[in-house]
Structures are given as structure tokens and as C-alpha cells.
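Written below as C-alpha cells is the structure these notes are about.
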Amino acid sequence: MMWDLSGGRRSPLPPAGPPPPFPVPQHHHSLPPGQPASNVATQGTSYPSLSAFGSSVPSTARSDSYGFNHASTSYEYQAPRGIAFPSSPSHHSPSHYPAQQQPAVIGINYTGHSNELRGCVNDAKRVRQFLIKNGYPAENIVLLSDDTRDPRSLPTRKNIIAAMKWLVRGAQPNDALFFHYSGHGGQTPDLDGDELDGFDEVIYPLDFKKNGHITDDEMHDLMVKPLPDDCRLTGLFDACHSGTVLDLPYIYSSHGRLKGSHITDRARRRKATNADVISWSGCKDGQTSADTFHGGVAVGAMSHAFVSALTANPTQSYQELLRSVRLILHPRYSQKPQLGSSHHIDTALRFVF
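Going by the UniProt record's numbering, the sequence shown opens with residue 1, and the numbers climb by one from there.
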């Protein structure tokens, strides 16, 4: 099997060498050139634009497109022996909201691969710090990245699936869960007939050449299907072809309107849930998502925009945040970040995570 990631997180890379140090998140207060203040989510709030770097800024797409007939997958995975996952609570106090806050954060640079990325590990570390600043306990966060020699913390297929299972194990109503993935993404022929375009969306673990990818169907079954009613899961995906990577049945425009369906009516009924699952994706299913630079530091365009927008204004509605993220990326990038949900939501309400 030949694996080709040439489509994915876009453009010529800088000279080889160690990745740049992880930056301290900065607060920027300037509008992108030519953008009126009325386009900003909340009056008086402005966001840094990646377009300010100009045409000389390289970017690399985080994608792959190929034909691969994946075999059916069993979900009876066990956590690798000795893997350092925090223990999930066996019970929760109903008076405390949220009852439990657990994130799994994954960044894969594919170091040494011909389509190596530079910003994914930085993304994961920045998102981790962002979550801590927003109240998530550091000791509850699982971080998998390929800048470590500890096999328990490498983003292999087995470890990623174990992290997904850990994330939702014992989940209760009012829990707040967060899943972030930054790395290569792609598409593969749909085998169960739930995709109208005929393709499943996939993500690529570090060991994808040996052990394969992880499909949207698998991620839905692992992280969405087990959740109880009123449990919240926020997914942030910075990868190519990631628009519907959690297979959620509802996709929204930046004006809060439902967009055309990407799955069959039968799949919509099967995949809807009363758990509060929200996905933020870097692009549409047919688009690539950029690996780029901000202030000389390698970052993913979507991860950077999401954290920057919420840092500048933490009290945005769903549709305001979607517009804010798109504003940061426009006009430098053609990718259009996507918002999806497990059931119909009022996008004028404040986004909480």
C-alpha cells in the first residue's frame, strides 16, 4: 500500500531543523487590512489575521486523498500497558457544573516523513495551555504528541483510540469533554452508504503506514455514541477534509442557518443524539487546511484562529465565533471552518466548552 500525503497541511517547508520554541500566546488588537469593524463578532473586539503575513508566508496542507478499502474495526481496545491516563471518576455531584472536565489533545508533526508538518505539536501545546487558562484541570488533560520518546504518549493509532475511549468512559450529564486533533486528514471511499459524497473523512495517526487511519464512523462510535444526554463534547479538528469528521448530522452557516445535508436521512436519524456534541473543523470536507507560521512560529491556521478568537472575546455565540474564526483566516486562506452539532442548536446562544 502506497500512502500519499502530498495533498495535505499546504506548501514549501522552511529549512530543516528543530521546530521553533512554543510561543507565549499573544493578545493582538488590530483588524485585518480592509475589514470593517462591523464584521467583528462583538463591537470593540478585533482579531489577528494570518493574511497580514503576506504572500511570502509558506503553508503546508494537512491532507491526503487516496483509495483505501479499510477493514471493519473492533472497538475492544485496551489502553496500552502503563499508559498515563488520569482516572475517570465513578460518580459525580449533581450540584457541580460541570461535573467533570476532561480533554484529550493530539498533535502530530510526522517528523521524518516526506510530508512532515511543523505546527501540529505547537497547536496541541497551545490548546492545552488555553484549556488550563479556561478552567480545565491540568492533571485531567491527556496530551499525545510525536515530540516525545515515551511510547505511552506517542499519537499511534492504538494510543489515540485508547485516549478517545478514556475521554468518554464514565461520562455523565453536565460533564465537559474536549477533543483536539492537529495533523493530517483525508478521505477514503465510504463503505456503509451514509455519506452522500461517497467518502468517509479520516485522520492519520503517527503509525498510519503500518496500522492505518481512523475514520469518521469510528470516531463517532467511539466518542459520540457512548455519551449520555446533556453531556458536552467539543471537538476541534485542524486537518484537511475535516468538515464532518465526527459525522454529526447538523452543519451551520455563519448566520446560524442549517446547511444542506452531507449524510443520508437514515444516517441522520441514526447519528443524532441528545448529548451536546459540537465540532469545529478547519475546512469543508473537500478542502485543505493550512499549516503556516505566526510570528515566526509554526502553527495550524485553524487552531491559531480558534484560540485567538476566544482569547480576544470569550463570550461569543456559536455564529459569532464561526464568523470570527473565518475572519482571521480571510483572505489569506480559501479554507472555510465548519461548525457541526449532534442535534439542532440555537447558534445565537453563547458557546461554552
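Don't be surprised by glycine CBs; every beta carbon is placed ideally from N, CA and C.
The structure displayed is predicted, hence computed values, not measured ones.
DSSP-derived helix/strand/coil call for residue i
i           : result
Asp-123     : helix
residue 361 : The structure shown has nothing for residue 361, since the chain only spans 1 to 353.
His-220     : helix
Ser-317     : strand
Ser-114     : coil
Leu-349     : coil
Ile-214     : strand
His-343     : coil
Tyr-75      : In this prediction, Tyr-75 has a pLDDT of 32, which is less than 50 and means its spatial position is unreliable; nothing more can be read from the coordinates.
Leu-329     : helix
Leu-227     : coil
Arg-62      : coil
His-27      : Because the pLDDT at His-27 is just 27, under 50, the model does not fix this residue reliably, and the point stays unresolved.
8 Å Cβ shell around residue i - same chain, five flanking residues per side excluded
i       : result
Asp-216 : Asp-200, Glu-201, Val-202, Thr-244, Val-245, Leu-246 and Asp-247
Ala-163 : Phe-85, Ala-104, Ile-106, Val-142 and Leu-144
Cys-283 : Cys-240, His-241, Ser-242, Gly-243, Ser-289, Met-302, Gln-335, Lys-336, Pro-337 and Gln-338
Ile-132 : Ala-138 and Ile-141
Pro-155 : Ile-106, Gly-107, Ile-108, Leu-144, Ser-145, Asp-146, Gly-183, Pro-205 and Leu-206
Thr-148 : Leu-154
Same chain, Cβ closer than 6 Å to residue i, five either side skipped, listed in chain order
i       : result
Ile-345 : none
Asn-136 : Residue 136 is actually Tyr in this sequence, not Asn. If we look at Tyr-136 and ignore the five residues flanking it on each side, its Cβ neighbours are Gln-101 and Pro-103.
Thr-234 : Phe-178, Ile-278 and Phe-353
Phe-130 : Val-307
Ala-305 : Val-325, Ile-328 and Leu-329
Asn-211 : Arg-157
Gly-119 : Asp-291, Ala-298, Val-299 and Gly-300
Gln-287 : Gln-335
Ser-95  : Interpretation of Ser-95 is limited by its pLDDT of 37, a score under 50 that renders its predicted location unreliable; no figure is taken from the coordinates.
Sequence-distant residues of its chain with Cβ nearer than 7 Å to residue i (five each side left out)
i       : result
Asp-123 : Gly-107, Ser-182, Asp-238, Val-299, Gly-300 and Ser-303
Glu-139 : Pro-86
Ser-341 : Leu-248, Tyr-250, Val-277 and Ile-278
Val-24  : Residue confidence is low: Val-24 scores 31 on pLDDT, short of 50, so the model does not pin down where it sits. Its coordinate-derived value is still stated next. Once the five neighbours on either side are set aside, Val-24 has no close Cβ partner at all.
Asp-229 : Pro-173, Asn-274 and Ala-275
Gly-256 : Gln-319, Thr-347 and Ala-348
Tyr-75  : Because the pLDDT of Tyr-75 is 32, which lies under 50, any placement of that residue in the model is unreliable, and the number read from its coordinates should be weighed accordingly. Closer than 7 Å at Cβ, skipping near neighbours: Asp-221 and Leu-222.
Pro-314 : none
Arg-128 : Val-105, Ile-141 and Leu-143
From the options, residue whose alpha carbon lies closest to that of residue i
i           : options                               : result
Leu-117     : Phe-293, Pro-137 and Val-168          : Phe-293
Ile-161     : Leu-131, Val-307 and Asp-207          : Asp-207
Leu-167     : Cys-231, Asn-211 and Ser-281          : Cys-231
Asn-115     : Ala-61, Leu-154, Ala-305 and Ile-328  : Ala-61
Lys-225     : Leu-321, Lys-165 and Thr-111          : Lys-165
residue 407 : Asp-147, Thr-111 and Ala-272          : One cannot answer for residue 407 here, as it falls past the ends of the chain, which runs 1 to 353.
Tyr-110     : Leu-329, Trp-280, His-330 and Asp-291 : Asp-291
Arg-157     : His-113, Pro-205 and Pro-331          : Pro-205
Asn-121     : Asn-159, His-180, His-343 and Pro-314 : Strictly speaking, residue 121 in this sequence is Val, with Asn absent from that position. Closest by alpha carbon: His-180.
Leu-322     : Asp-285, Gly-286, Arg-152 and Leu-236 : Leu-236
Asn-159     : Trp-280, His-213, Asp-285 and His-343 : His-213
Practice item. Pick out the complete alpha helix (DSSP H) segments inside the stretch 240-315, 4 residues or longer, and give them in chain order. Key: 265-271 and 301-312
Review point. What residue ranges within the stretch 125-210 form continuous alpha helix (DSSP H) runs of no fewer than 4 residues, ordered along the chain?
Key: 157-168
Exercise for review: Decide if the stretch 173-182 is in contact with the stretch 101-114; the criterion is three or more beta carbon pairs, one per stretch, under 8 Å apart.
Suggested key: yes
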